[in-house]
Amino acid sequence: MSDKDKTHFGYREVDSDAKAGMVADVFHSVAARYDLMNDLMSAGIHRIWKRFTIELSGVRRGNAVLDIAGGTGDLAAKFADIVGADGRVVLADINASMLQVGRDKLLDHGRHANIEFVQADAQYLPFPDESFDCITIAFGLRNVTDKDLALRSMQRVLKPGGRLLVLEFSKPRNELLSRAYDTYSFRVLPLMGRLVAGDADSYQYLAESIRMHPDQDTLKDMMEDAGFARVEYHNMTGGIVAVHRGVKA
Amino acid sequence: MTGGINPTLHTGALAALEAAINRALALAPGANDSLKALRDKVFALHCTAPPLDVYLQPVAEGVRLMGVYDGPVTTSLRGEASEFAALASAEDPAAALINGKLELAGDSGPLLELQRIIAGLDVDWEAPLVDALGDVAGHQLAQMLRGGFRWGRQAGSSLLRQAEEFIHEEARLSPPRLELEDFYRDVQELELRVDRLASRLSRLRRRLRDKREQA
């Protein structure tokens with residue numbers, strides 16, 4: 297098998313064809329307690345990161361928004377309020393369990409009029425060209441097997457002038473913070489995962505996949521290579537997380 | 004973009020402030036109805052000291068506060084934090100806007116309407132107390148708090164009035180407002196007369212020079 301057919305799954309090198317299934321197993325395992333774990337792991341700060349992403353998106357009333365790897369629907373719920381009855385929000389996730397949790401949560405909160413739920417692979421988005429004013433992918437890109445293919449697919453379905461927002465873990469800018477973050481990721485997170493979600497391995501994968509994800513400047517280059525213009529990024533919480541924004545020319 | 008402040012801190016602070024404002028608006032009868040007319044208008048507040056940008060947008064649930072906004076803005080204000088505070092608490096916001104140091108761009112009407120709604124908020128603090136403590140205890144605590152606030156407000160305004168009277172009339176440390184306005188009017192009149200005299204002198208000087216040249 298050639299190197300081209302290999303990819304990373306955390307620190308392990310696995311067959312490209314196998315990664316999607318392995319990531320799916322991770323998320324099937326954590327879906328039920330995903331929101332609770334997010335709040336615990338980030339001390340609630342993930343809500344602030346998502347809020348800043350929504351501000352940068354510039355989404356307005358009447359827009360069409362695609363939230364890829366939308367999981368439990370945090371971003372989709374906010375976008376549904378902003379775009380209003382004239383707009384459209386599509387919550388897409390490759391994982392049926394996560395989509396089910398998100399769908400149930402949003403429907404329980406009475407949000408259904410302008411939200412659609414689609415099980416879709418970010419690499420092969422099942423939408424016509426130039427369908428959306430904005431696409432967001434929050435904490436999802438690092439799990440995609442071929443990130444370049446996914447970015448090109450997003451570029452295809454965006455309208456000209458539309459924005460792509462990638463919110464993802466990144467590289468801390470400060471050495472001291474980086475060390476503290478490593479200790480937290482590899483010692484505290486798996487323990488927390490075992491105690492709360494009953495699954496230490498999935499949270500070990502989370503920590504490893506974050507380290508293997510491209511840093512801020514590499515991801516910026518990847519977005520430019522995929523055809524996005526005016527690509528910029530904002531570091532948050534010392535670079536632990538970064539939000540990249542690019543515009544379809 | 005966020006005025007140079009860390010985006011996480013800025014966004015977190017705005018989220019907390021937004022939650023507090025919306026909680027207060029939910030307890031103020033009619034506040035959200037009053038804000039309906041301003042829905043989807045965007046007010047940009049650019050604070051220069053400390054450097055901070057805030058965008059305020061009335062929405063269905065109250066108000067939305069943002070640190071970043073790229074779209075068209077209804078009204079934009081730029082100035083220092085103290086000047087924003089002075090405008091928010093002014094009895095006559097239109098006069099405060101005209102006489103203050105804040106730079107205004109866009110439509111001032113919706114901004115004055117927003118200031119009027121904020122100044123007129125009558126928050127019903129009894130509702131959450133009754134929810135938490137029950138009808139009797141909640142009502143009694145609310146009565147006590149209301150009485151305390153009323154006394155505090157009356158004492159404050161009475162102290163302010165007396166202090167103003169002492170400064171203006173007794174100690175004569177500062178002139179009363181009307182006297183000051185009279186003085187400004189006199190200064191303006193004097194400035195006008197001096198300008199006229201200066202232009203008359205220059206006219207006479209020019210005429211004298213012309214006559215000298217002719218001779």
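If you read the protein sequences in the order shown, they are chains A and B. Here the working numbering is used: the first residue of the first sequence is 297, the next is one more, and so on. Here the working numbering is used: the first residue of the second sequence is 4, the next is one more, and so on. All C-beta atoms in this analysis are idealised placements derived from N, C-alpha and C, irrespective of residue type, glycine included. All values reported here derive from a predicted model rather than from experimental measurement.
What is the DSSP secondary structure of residue i, reduced to helix, strand or coil?
i              : result
S79 (chain B)  : strand
E94 (chain B)  : coil
L204 (chain B) : helix
D425 (chain A) : coil
L515 (chain A) : helix
D56 (chain B)  : strand
L371 (chain A) : helix
H408 (chain A) : coil
V190 (chain B) : helix
K346 (chain A) : helix
K455 (chain A) : strand
N470 (chain A) : coil
P486 (chain A) : helix
P32 (chain B)  : coil
V440 (chain A) : coil
Considering only the beta carbon of each residue, do residue i and residue j sit closer than 8 Å?
i              : j              : result
L59 (chain B)  : L48 (chain B)  : yes
R452 (chain A) : D425 (chain A) : yes
A360 (chain A) : D389 (chain A) : no
K549 (chain A) : L454 (chain A) : Shown here, chain A extends from 297 to 545; a query on residue 549 (chain A) therefore has no answer.
G534 (chain A) : R469 (chain A) : yes
L90 (chain B)  : A99 (chain B)  : yes
M532 (chain A) : T11 (chain B)  : yes
F257 (chain A) : S393 (chain A) : This structure cannot settle anything about residue 257 (chain A), because the visible part of chain A is limited to 297 through 545.
K346 (chain A) : D382 (chain A) : no
V133 (chain B) : G123 (chain B) : no
V379 (chain A) : G358 (chain A) : yes
L115 (chain B) : L80 (chain B)  : no
Y501 (chain A) : Q512 (chain A) : no
In the DSSP assignment, what residue or residues form a beta bridge with residue i?
i              : result
N531 (chain A) : A:A538
P61 (chain B)  : B:V66
I433 (chain A) : A:I364, A:V462
K544 (chain A) : A:F524
G109 (chain B) : B:T78
D389 (chain A) : A:Q415
R308 (chain A) : A:F305
T51 (chain B)  : B:P54
R384 (chain A) : A:A360
F152 (chain B) : Looking at the DSSP assignment, F152 (chain B) forms no beta bridge with any residue, so it has no partner.
F46 (chain B)  : B:L59, B:T78
For residue i, which residues from the same chain have a beta carbon less than 7 Å from its beta carbon, with the 5 sequence-adjacent residues on both sides left out?
i              : result
F413 (chain A) : L387, L395, R399
A522 (chain A) : D444, L447, R448, Q451
Here's a check: name, in chain order, each residue in its chain whose Cβ is nearer than 6 Å to the Cβ of residue i, leaving out the five neighbours to either side.
i              : result
A446 (chain A) : A418, Q419, V440
G112 (chain B) : none
T303 (chain A) : S312, K315, T441
R42 (chain B)  : P61
L421 (chain A) : S449, V453
I350 (chain A) : K374
Take residue i as the anchor and find which of the options has the nearest alpha-carbon.
i              : options                        : result
I344 (chain A) : B:V66, B:L20, B:R206, B:Q146   : B:L20
T280 (chain B) : B:G141, B:A88, B:L117          : Here chain B comprises residues numbered 4 to 218, so residue 280 (chain B) is not present and cannot be evaluated.
G306 (chain A) : A:F482, A:S449, A:I506         : A:I506
G406 (chain A) : A:L421, A:A372, A:T432         : A:A372
S449 (chain A) : A:L463, A:M333, A:I433         : A:I433
L332 (chain A) : A:Y477, A:L352, A:L502, A:M488 : A:M488
G542 (chain A) : A:S338, A:R347, A:L352         : A:L352
L461 (chain A) : A:A476, A:R475, A:L437         : A:L437
A289 (chain B) : B:D56, B:A23, B:V62            : An answer regarding residue 289 (chain B) cannot be provided, because it is not within the stretch 4 to 218 covered by chain B.
E64 (chain B)  : B:F87, B:P53, B:G74, B:D36     : B:D36
L473 (chain A) : A:N410, A:V537, A:Q500         : A:V537
M519 (chain A) : A:R308, A:D321, A:E471, A:R459 : A:R459
T14 (chain B)  : B:D56, B:L124, B:G150          : B:D56
S466 (chain A) : A:V492, A:F435, A:D495, A:P456 : A:F435
D127 (chain B) : B:A34, B:N9, B:I101, B:A18     : B:A34
K401 (chain A) : A:I431, A:G367, A:L463, A:T514 : A:G367
Q415 (chain A) : A:A409, A:Q512, A:V397         : A:V397
P54 (chain B)  : B:L162, B:P75, B:G82           : B:G82
Report all residues from its chain with a CB closer than 8 Å to the CB of residue i; omit the five preceding and five following residues, and keep chain order.
i             : result
E86 (chain B) : G103, K104, L105
V66 (chain B) : E21, I24, N25, L28, L38, L59, Q60
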